[in-house]
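Accompanying notes for the structure given below.
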Amino acid sequence: MVSGGRGVETEAMTSFDEIYDRPDPRGFFRALGAWDYQTPHHAQEVFRRLVATRADGAADVAVLDMCCSYGINAALLNHDVTLAELYDRYGSAPVVAMDTAELIEADREWYAARRRADAVPVIGLDVAANAIAYALAVGLLDAGFAENLEVAPPSPELLAAARPAGLITVTGGASFLSPRSFRPFLTDAPAPVWVAAFVLRTGSYRAIADGLTAHGLVTEKFGPHTFPQRRFTSDREQRYAVEAVIATAEDPEGRETAGWFHTALHLSRPEDHTTTFPLDTLLPDEPPART
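First residue of the sequence shown: 1, per the UniProt record's numbering; consecutive thereafter.
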């Protein structure tokens with residue numbers, strides 16, 4: 001479970017498994033930057049808006065970032081940085097020359113100097129223990145857990161840390177999750193929880209949405225726009241994506257046919273919240289261009 005789509009949905013997709021559990025994120029940015037991976041960039045403004053709405057009148061609201069990888073969503077949510085700046089930083093000659101211990105020390109100072117005044121606690125969940133350890137070491141996560149809820153129940157420590165979470169986020173890995181991974185954080189939650197997930201258009205979110213319905217959450221899909229995820233690595237990937245999107249009754253024209261995987265944003269909330277906070281007032285009119 002990681003940000004960026006860990007693993008492969010099918011053999012037709014290129015596997016990036018080797019980059020997700022290294023001691024630091026340089027390999028992640030190098031490999032995915034080559035294909036212009038940008039979902040966290042699109043999520044940055046969306047998550048900030050959602051957090052601001054959930055935090056109104058609830059000072060202890062926190063974010064549970066599922067499939068959090070190296071804490072990239074936390075970096076973009078809580079710090080005055082962009083995804084483009086992260087690509088530049090981790091590809092720069094001085095940073096490339098550091099060993100992991102040096103990089104952790106440098107990153108701790110770099111992120112601390114860019115911490116936003118409106119930063120909120122972020123709890124990270126991922127199966128990649130090295131990635132979690134890095135994100136904790138540099139201060140991106142307030143708590144982090146290397147657990148796979150698809151195969152085992154959450155630890156008491158994870159449940160306790162995630163209890164204040166008013167927003168659950170996912171920017172990669174939704175196709176590897178089921179309602180089982182979400183259920184522990186929604187059962188007996190002390191306050192309403194929102195779930196925001198960027199989901200590849202090559203698959204369906206229906207099973208998860210149905211599972212969230214059992215906890216009183218209504219799932220809305222942000223219809224006007226989709227969000228580029230990354231460029232295809234091969235013609236084979238593109239053919240797969242176009243066929244898969246058509247199979248879900250969506251139109252790939254101008255998106256997958258133009259050479260990119262695209263995601264759709266799904267937001268799940270209690271029904272009364274969907275009228276109090278209409279979806280179109282929470283999200284940008286246009287997906288932000290990558291800078």
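C-beta: ideal position from N, C-alpha, C; glycine also.
Nearest-angstrom beta carbon gap, residue j and residue i [assumed within contact, 8 Å]
| i | j | result |
| --- | --- | --- |
| Val-151 | Ser-268 | Between Ser-268 and Val-151 the Cβ distance is about 23 Å, and since that is not below 8 Å, they are no contact. |
| Ala-264 | Val-199 | 6 Å |
| Ala-62 | Pro-121 | 4 Å |
| Pro-184 | Pro-154 | 5 Å |
| Ala-131 | Ser-69 | 5 Å |
| His-262 | Thr-226 | 4 Å |
| Ala-165 | Ile-208 | So it is not a contact: roughly 17 Å between Cβ atoms. |
| Ala-135 | Ala-74 | 7 Å |
| Leu-125 | Leu-77 | Going by Cβ atoms, the distance from Leu-125 to Leu-77 rounds to 15 Å, so no, they are not a contact pair. |
| Leu-282 | Arg-49 | 5 Å |
Bounding residues of the alpha helix (DSSP H) (the contiguous stretch that carries residue i)
| i | result |
| --- | --- |
| Gly-211 | 206 to 213 |
| Ser-181 | 179 to 186 |
| His-41 | 39 to 55 |
| Thr-274 | 271 to 276 |
| Arg-22 | From DSSP, Arg-22 is part of no alpha helix (DSSP H); its letter is neither H nor E. |
| Leu-279 | 279 to 282 |
| Ala-93 | 93 to 97 |
With 16 other Cβ atoms within 10 Å as the buried cut-off, status of residue i
| i | result |
| --- | --- |
| Thr-291 | Here Thr-291 scores only 41 on pLDDT, less than 50, and its place in the model is too uncertain to base an answer on. |
| Ile-246 | exposed |
| Gly-91 | exposed |
| Ala-197 | buried |
| Asn-148 | exposed |
| Asp-272 | exposed |
| Gly-254 | exposed |
| Ser-234 | exposed |
| Val-96 | exposed |
| Met-1 | Its pLDDT being 37, under 50, Met-1 is placed unreliably by the model, and the measurement read from it follows with that caveat. Burial call: buried. |
| Ala-84 | exposed |
| Arg-230 | buried |
| Gly-5 | Unreliable positioning characterises Gly-5 in this predicted model, as indicated by a pLDDT of 41, which lies under 50. A coordinate reading is not provided. |
| Asp-107 | buried |
| Ala-128 | buried |
| Gly-139 | buried |
| Asp-188 | exposed |
| Phe-16 | buried |
| Ser-3 | Summary for Ser-3: the model assigns pLDDT 38, below 50, so the residue's position carries little reliability; its value from the coordinates is reported in the next sentence. Under this definition Ser-3 is a buried residue. |
| Arg-26 | buried |
| Ala-112 | exposed |
Residue i (DSSP reduced to helix, strand or coil)
| i | result |
| --- | --- |
| Glu-253 | coil |
| Pro-190 | coil |
| Thr-248 | coil |
| Arg-201 | coil |
| Asp-65 | strand |
| Glu-11 | coil |
| Thr-82 | coil |
| Phe-261 | strand |
| Ser-268 | strand |
| Ala-196 | strand |
| Ala-174 | helix |
| Gly-33 | helix |
| Ala-74 | helix |
| Phe-16 | coil |
Unbroken beta strand (DSSP E) run spanning residue i, endpoints
| i | result |
| --- | --- |
| Pro-228 | 227 to 231 |
| Leu-217 | 217 to 221 |
Neighbour flag for residue i against chain C, beta carbons, 8 Å
| i | result |
| --- | --- |
| Ala-106 | In the structure shown, chain C does not exist; there is a single protein chain. |
**Report entry** Length at least 4, wholly inside the region 104 to 170: the alpha helix (DSSP H) runs in chain order
**Finding:** The alpha helix (DSSP H) runs lying completely inside the region 104 to 170 and spanning 4 residues or more are 129 to 137, 156 to 162, given in chain order.
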